[in-house]
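A.B. asks:
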Ligand code: SRM
Ligand code: SF4
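Numbering (this note's numbering), first residue to last: -6 to 508.
And the structure:
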């Protein structure tokens, strides 16, 4: 059964809207939308379909849109960064950008009337925002040091670029993949440290040798949501590190898309991610359906994968495999960038490196190809006082979702508060180990609280007869090898009590001592 013949099945609201008009169709109407202004738009076009173009109406800041790009593998260049900086610069105080938890960039404050011009600018420098929201494949993540790291097993960049080209029809939009039952995350790891959080992707490729040949074992079904958090499970399949990765990804997307309605995925938005199809079918049937679409047998998984290391954060100065060159990881506090800082990053990448800029899922930036003689001058640049290569321990590993400044789902403010508390505790405590604190403003879990050593998930709590901002605390998240999701540790802690509660946890569980 395909989406055009969904007959008697009771579709959810979003599915009905898509049936009326595919989300991607608004691409042809963008010029018209820009002319008539956002207030005149049909509500579904404004709040839902524009997300197929990466344009997000923000009810918190009406008229000031968020634009979510696609930066496969988190690799961009200085020219692209400069264009992004120019776009947000013209919006003054409203304009800014965020590095996201999917190694990507989102622009803020953007006006609808400017979108056609912005899209032309993006296209000229090889960027796109197409299909970056709603029922589409999200930014494709890969090893942030692909092609640089001496220990790398597979360079993920070409695979991810090809995959993005296929999924988005080279940035023009692709109706074959624009009507998934739900969002979909794909990641390809090329190193040993599981830099991409394989466990929380719908499809993840992790390096594995099979009969002496290097390729990938495939994990499927991982996701986080308000309804359920599930770790990805082995598909029991191995693919070589070539176009078969793209073929397999597309086959999985096709199976997911075409069986969504029959399997109930298009009825309930909360039960629509790939894992629900796996629940319904079991892995054997899923594999068989994928093989049918592929038109060939799938090879069984390699007995073990090559994820053998703890997760790195890539901050600081590191030798590259290219002799005489280094990559330098800069810490961007909670991923927030101003236009000025973006221009500066672009300049530093050109003056000291080869113009390339990398992003990480920890919301940081890496400048590669810094020649040995350029390291000291780079480290002395004023930007590196703020975007330091060696931040204090808690600030260093802080990750945060958008929170209530821009996101209408948010139950709390996250980025500002998270940074302030981390800075305070860094001042007060000696913390002998890495502690990754992940903040997220609501149960959607965009800030991945379940992967943090400590995860803080926004909620409302009652205190002294009033409703105040609070968090549910998660602990025990493990990343890298043997990754596993954390569990709820304490519910409903008011945010003003959080420094104290976190201090306690840091002392008891992470060997912190008072300074
Ligand atoms: Fe997310 C929805 C922000 C990564 C799970 N996410 C949203 C929206 C679009 C809601 C909205 O319309 O306001 C948020 C936009 C707020 C804004 O203005 O920025 C939003 N998500 C983000 C970002 C920007 C968080 C960040 O600060 O870095 C991340 C953008 C990634 C990107 O570049 O594409 C982001 N979101 C994630 C992740 C983490 C990941 O992929 O590793 C997750 C959990 C993993 C997953 O998806 O399985 C995540 N976002 C969600 C969900 C819950 C999905 C579900 O199946 O229920 C929603 C709500 C939804 O889709 O209905 C959501
Ligand atoms: Fe918004 Fe909630 Fe996602 Fe944070 S976790 S960005 S508050 S939807």
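For each residue, glycine too, the CB sits at the ideal point set by N, CA and C.
#1: With a Cβ-Cβ cutoff of 8 Å, do residue 320 and residue 51 count as a contact?
#2: Considering only the beta carbon of each residue, do residue 179 and residue 234 sit closer than 8 Å?
#3: Residue range of the alpha helix (DSSP H) that residue 249 falls in?
#4: Closer than 7 Å: is that where the CB of residue 190 sits relative to any heavy atom of ligand 1?
#5: For residue 197, list the residues DSSP reports as bridge partners.
#6: Helix, strand or coil for residue 113? Go by DSSP, reduced to three states.
#7: For residue 402, is the beta carbon positioned less than 7 Å from some heavy atom of ligand 1?
#8: Please confirm if the segment 32 to 48 is in contact with the segment 10 to 17, defined as three or more CB-CB distances below 8 Å between the two stretches.
#9: Going residue by residue through the segment 399 to 483, where are the continuous alpha helix (DSSP H) segments of at least 4 residues, counting only ones entirely within it?
#10: Residue 137 to residue 295, Cα distance in whole Å?
#11: What's the gap between the Cα of residue 345 and the Cα of residue 124?
#12: On the criterion of 16 or more Cβ atoms from any shown chain inside 10 Å, does residue 506 qualify as buried, or is it exposed?
#13: Spatial neighbours of residue 357 within its chain, please: C-beta separation below 8 Å, excluding the five flanking residues on both sides.
#14: Less than 7 Å separating the Cβ of residue 452 from some heavy atom of ligand 4?
#15: Identify every residue that forms a DSSP beta bridge with residue 35.
#16: Check whether the Cβ atoms of residue 424 and residue 390 lie closer than 8 Å to each other.
#17: Which complete alpha helix (DSSP H) runs does the segment 126 to 164 hold, if anything under 4 residues is left out?
#18: Report all residues from its chain with a CB closer than 7 Å to the CB of residue 454; omit the five preceding and five following residues, and keep chain order.
#19: Pick out whichever of 498, 54, 226, 413 has its Cα sitting closest to the Cα of residue 393.
#20: What separation, rounded to the nearest whole angstrom, lies between the Cα atoms of residue 347 and residue 252?
#21: Using CA atoms only, rank isn't needed, just tell me which of 298, 189, 175, 286 is closest to residue 204.
#22: Which word fits residue 465, buried or exposed, when buried means at least 16 other C-beta atoms lie within 10 angstroms of its C-beta?
#23: Counting only runs of 4+ residues fully inside the segment 43 to 107, write out the alpha helix (DSSP H) ranges in chain order.
#24: Say whether the segment 359 to 374 touches the segment 400 to 411, bearing in mind that this needs 3 or more beta-carbon pairs closer than 8 Å, one atom from each stretch.
#25: Taking 7 Å as the cut-off, is the CB of residue 49 close to at least one heavy atom of ligand 1?
#26: What are the residues that DSSP puts in a beta bridge with residue 311?
#27: Using a 10 Å radius around the Cβ and a threshold of 16 neighbouring Cβ atoms, would you call residue 373 buried or exposed?
#28: Report yes if the C-beta distance between residue 152 and residue 238 is below 8 Å; otherwise report no.
#29: Can you have a look at residue 129 and say buried or exposed, based on whether 16 or more other CB atoms are within 10 angstroms of its CB?
#30: Taking the straight line between their C-alpha atoms, what separation do you get for residue 264 and residue 368?
#31: What first and last residue would you give for the beta strand (DSSP E) that runs through residue 349?
#32: In chain order, which continuous runs of the alpha helix (DSSP H) of length 4 or greater are located wholly inside the segment 363 to 402?
#33: For the beta strand (DSSP E) holding residue 232, just list the boundary residues, first then last.
#34: Alpha carbon to alpha carbon, how far is residue 212 from residue 229?
#35: Is any heavy atom in ligand 2 found nearer than 7 Å to the beta carbon of residue 439?
#36: Just to confirm, are residue 126 and residue 44 a CB contact at a threshold of 8 Å?
C.D. replies: Taking the structure as given:
#1: In this structure, residue 51 does not lie closer than 8 Å to residue 320 by Cβ.
#2: Not a contact, by the Cβ cut-off of 8 Å.
#3: Residues 237 to 252.
#4: Taking 7 Å as the cut-off, one finds at least one heavy atom of ligand 1 near enough to the beta carbon of residue 190.
#5: Note: residue 197 sits in a beta bridge opposite 180, 212.
#6: Secondary structure of residue 113 (DSSP, three-state): helix.
#7: Yes; taking the cut-off as 7 Å, the Cβ of residue 402 has a heavy atom of ligand 1 nearer than that.
#8: Counting C-beta pairs closer than 8 Å gives three or more between the segment 32 to 48 and the segment 10 to 17, which meets the contact rule.
#9: Fully enclosed alpha helix (DSSP H) runs of 4 or longer: 408 to 421.
#10: Distance from the CA atom of residue 137 to the CA atom of residue 295, rounded to whole angstroms, is 25 Å.
#11: If you take the alpha carbons of residue 345 and residue 124, they lie about 34 Å apart.
#12: Exposed.
#13: Excluding positions up to five away in sequence, the list reads 92, 306, 307, 308, 322, 323, 324, 325, 328.
#14: With respect to ligand 4, the structure offers nothing, as its ligand set consists of ligand 1 and ligand 2.
#15: According to DSSP, which records beta bridges pairwise, residue 35 is partnered with nothing at all.
#16: Cβ atoms of residue 424 and residue 390: not closer than 8 Å.
#17: Secondary structure remark: continuous alpha helix (DSSP H) runs of at least 4 residues inside the segment 126 to 164, in chain order: 150 to 161.
#18: Apart from sequence neighbours up to five positions away, the residues of its chain that approach residue 454 with a beta-carbon distance below 7 Å are 461, 463, 485, 487, ordered along the chain.
#19: Of all alpha-carbon atoms in 498, 54, 226, 413, the one lying nearest the alpha-carbon of residue 393 is that of 413.
#20: Near 46 Å, if we compare the C-alpha coordinates of residue 252 and residue 347.
#21: The shortest CA-to-CA distance from residue 204 to any of 298, 189, 175, 286 is the one to 298.
#22: Residue 465 comes out buried.
#23: Restricted to the segment 43 to 107, the alpha helix (DSSP H) segments that are unbroken, complete and at least 4 residues in length are 71 to 82, listed in chain order.
#24: No, the segment 359 to 374 does not touch the segment 400 to 411.
#25: Yes, ligand 1 has a heavy atom inside 7 Å of this Cβ.
#26: Checking the DSSP bridge columns, you'll see residue 311 partnered with 320.
#27: It is exposed - the Cβ of residue 373 has fewer than 16 other Cβ atoms within 10 Å.
#28: Taking 8 Å as the Cβ cut-off, residue 152 and residue 238 qualify as a contacting pair.
#29: Buried is the call here.
#30: Distance between the alpha carbons of residue 264 and residue 368 is about 50 Å.
#31: Unbroken beta strand (DSSP E) run through residue 349: 349 to 352.
#32: Those alpha helix (DSSP H) runs which fall completely within the segment 363 to 402 and span 4+ residues are 368 to 372, 376 to 379, 386 to 389.
#33: It spans 226 to 233 - the beta strand (DSSP E) in which residue 232 sits, taken as one unbroken run.
#34: CA-CA distance, residue 212 to residue 229, rounds to 8 Å.
#35: It does: the Cβ of residue 439 is within 7 Å (strictly closer) of some heavy atom of ligand 2.
#36: Contact: yes.
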